[in-house]
Amino acid sequence: MRVILKNLIIVILVLSGTARASFAQKTDKPGNVHMDQKKIVIYQLLPRLFGNTSTANVPYGTIAQNGSGKFDDINDKALTGIKELEVNYVWYTGVIAHASLTDYSAFGIQPDDADVVKGRAGSPYAIRDYYDVDPDLARDVKNRMKEFEALVKRTHQQGLKVIIDFVPNHVARRYHSNVKPTGAIDFGAYDDVRKAFSAANDFYYIPGQALVVPASADTITTALSPLMDHKFKEDPAKATGNNVFSASPKADDWYETVKLNYGVDYQDGMKAYFSPLPPVWTKMRAILLYWAAKGVDGFRCDMAEMVPVAFWSWVIPEVKKVYPQIVFIGEAYDPKTYETYFNEGKFDYLYDKVGLYDGLKKLIRNESSADVSVIPAARTLGNAAYENRMLRFLENHDEERIASAGFAGQPEYALPAMVVSATLSGGPVMLYFGQEVGEPGKGKEGFGGDDNRTTIFDYWGVPEHQKWMNQGAFDGGLLNAEQVKLRAFYQKLMQVSTGSEAISKGGFYEVQLNGNGNNRMYGYIRYTDKQRLLVLVNFDRTQNLETRIDIPQDILNKKPVLATKDLFSGQVVAPVSGNSIQVKVGPVSAQIIEF
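Position one of the sequence shown corresponds to residue 648 (my numbering), numbered consecutively onward.
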């Protein structure tokens, strides 16, 4: 079945009148969004990929062959185009200097060793210098930091805020800062390498053993085999970033990184040594303050749960003493830790990956085990009190592209899920560049292979995104009709999500779907005293959702439903009978019903 956007029904009904909450199990009372701000919409992009107009796409190609986007490619036109999606934060991924095989020795930056670099461009999460930016992204390498600062200024002038990655758990094997501020000390500079663990060390060591680069790594990166001579020297070996305390990490380990020591002895019962403060703590505080001083408005904290919560409990308030409005988003995957990382760790927001994302993915893919019960379950996963602080998304750099053959094959299959992600709470929602035009992530780009993702390890052009970019015009001039409709859907959905008080601050009420409802269909009301919205989603591939929705008296506050209105068109969209609304939602469609 071919799902065409014109068949997608987006109906948003607004109920006039006032509301009060008393619904026990199925209802949450209206409350203020965290920090009492407009709903956050984040747009993630990799500058290396975002502005790249090259279409060569040679697997494992060099920067000369495949090109690279630059900071200044993200110009006012590009930012205006991003703002059309009601974005208010831009997450620039891969800004900080990381290990790479590209030679910038003319500028005092040596290429890294292919034995410990993934891909040719390298992973943005193998940081080689916390105080520098990636030279690939600069038009003039000597002025690379000024070019980043100009991007921050440009972003702010467009009314947008800036997020960058903070990677606290690990660094590149050859970490060394060429541009660190006066007084800053490199990680490991004064370590006692004779000790496997010392609270005074920055790294963990395997004394008496040299690092053995995984032999199978060069079979993964065949194109780079001539550069991989297995002569990389690290003696004694350091523990690998994914908590591998061995001199011989495997090819599927994070062998290109080394684990940072926050004062936890992993090999002795996780004993903690936090007083006096481990040196990594104060070094990381200085790094966060350094980037905040450059105008960064928020940090997406990589693998936050791999760093002790005691560190976050200390460092986040330390940074907010100086920059009280700065935002910290934690990449988190264990619901059992959410409450701890919110309360003790002081995070503003955490990922909602294992709850809503994983459940919606099954529905999008039409898997046999898919069930809409995952939607209400996600609201209470960890702790329902933090519902408005969970970051919802359907794509990011770690996840498969929706339009990829391995995920959904067609971007339209995800539209009901996107409605849920954007409207279920007042918490932030995120889009990944190219998602709004159905980028499928095709091709064996390099290290990642043909894995349904857009590579983060290689120099590459992103074909469907390039159609919107249109050689720098950023006007969508090369998009086909279906892509134009898809982007318009995202634009309208984000307008409703950010412009609706009911979504940003409202209570939640789960409606009962009678009629022909099944486990691929779901509905809820978001409401405040001033506004009420009904949202219906149908993930079923073949069956309409046809039912009558009875609006509870407590929501109506004894005022009947007099009229319905589509917020987009202003037209009446559903028959009303008393306090009930008859609805019909087509397959793979959403009626964020408006009454």
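Don't be surprised by glycine CBs; every beta carbon is placed ideally from N, CA and C. In this text, all values refer to a predicted model and were calculated from it rather than measured experimentally.
- Look at residue 943 here: in three-state DSSP terms it is coil, with no helix or strand label.
- Between residue 1155 and residue 728, the C-beta gap is not smaller than 7 Å, which leaves the two residues out of contact.
- Relative to the Cα of residue 901, the nearest Cα in the group 917, 805 and 766 belongs to 766.
- Distance between residue 1223 and residue 1129, taken at the CA atoms: about 33 Å.
- Take the alpha-carbon of residue 726 and the one of residue 719: they are about 11 Å apart.
- One Cα belongs to residue 1081, the other to residue 970, and the distance between them is close to 32 Å.
- A distance below 8 Å between beta-carbons, with the five flanking residues on each side excluded, links residue 1225 to the following residues of its chain, in chain order: 1207 and 1208.
- Runs of the beta strand (DSSP E) lying entirely within the region 749-795 and spanning at least 3 residues, in chain order: 774-780.
- Residue 1185 sits close to residue 1168, with the two beta carbons spaced by under 7 Å.
- When secondary structure is reduced to three states using DSSP, residue 1201 falls in the helix class.
- The region 1073-1091 makes contact with the region 1036-1055, as at least three CB pairs between them are under 8 Å.
- Here DSSP, grouped into helix, strand and coil, assigns residue 1117 to helix.
- Here DSSP, grouped into helix, strand and coil, assigns residue 736 to strand.
- Proximity of the region 1063-1074 to the region 1022-1042 meets the contact definition, three or more beta-carbon pairs being nearer than 8 Å.
- Note on geometry: alpha-carbon atoms of residue 1008 and residue 1065 lie some 11 Å from one another.
- Counting along the chain, no beta strand (DSSP E) covers residue 987; the unbroken alpha helix (DSSP H) around it starts and ends at 982-990.
- The beta carbons of residue 1240 and residue 1230 sit about 6 Å from each other, so the pair counts as a contact at 8 Å.
- Secondary structure at residue 1227: strand, using DSSP grouped into helix, strand and coil.
- Between residue 815 and residue 853, the gap from beta carbon to beta carbon reaches 7 Å or more.
- According to DSSP, residue pairing for residue 1232 in a beta bridge involves 1192.
- CA-to-CA, the gap between residue 916 and residue 829 works out to about 38 Å.
- The C-alpha of residue 736 is placed about 18 Å away from the C-alpha of residue 1150.
- Rounded to the nearest whole angstrom, the C-alpha separation of residue 1114 and residue 722 is 17 Å.
- In the same chain as residue 1177, and ignoring 5 residues on each side of it, the C-beta atoms closer than 7 Å to its own belong to 1148, in chain order.
- In the three-state scheme derived from DSSP, where H, G and I count as helix and E and B as strand, residue 934 is classed as helix.
- With contact defined as three or more Cβ pairs closer than 8 Å, the region 768-785 and the region 889-899 are not in contact.
- Of all alpha-carbon atoms in 1108, 980 and 1171, the one lying nearest the alpha-carbon of residue 996 is that of 980.
- For residue 1037, the uninterrupted beta strand (DSSP E) segment begins and ends at 1037-1040.
- Look at the region 837-910 and you find these whole runs of beta strand (DSSP E), each 3 residues long or longer: 904-906.
- Burial state of residue 910 is buried, judged by a 10 Å Cβ sphere holding 16 or more other Cβ atoms.
- Taking C-beta atoms under 8 Å as the contact rule, residue 941 and residue 796 qualify, at a distance of about 6 Å.
- The Cβ-Cβ distance between residue 939 and residue 973 falls below 7 Å.
- When the five nearest sequence neighbours on each side are left out, the beta carbons in the same chain lying within less than 7 Å of the beta carbon of residue 926 are those of 847 and 849, in order along the chain.
- If only complete runs of 3 or more residues are kept, the region 1078-1154 shows no beta strand (DSSP E) anywhere.
- Less than 7 Å divides the Cβ of residue 988 from the Cβ of residue 956.
- Under DSSP, residue 996 takes part in a beta bridge, and its partners are 976.
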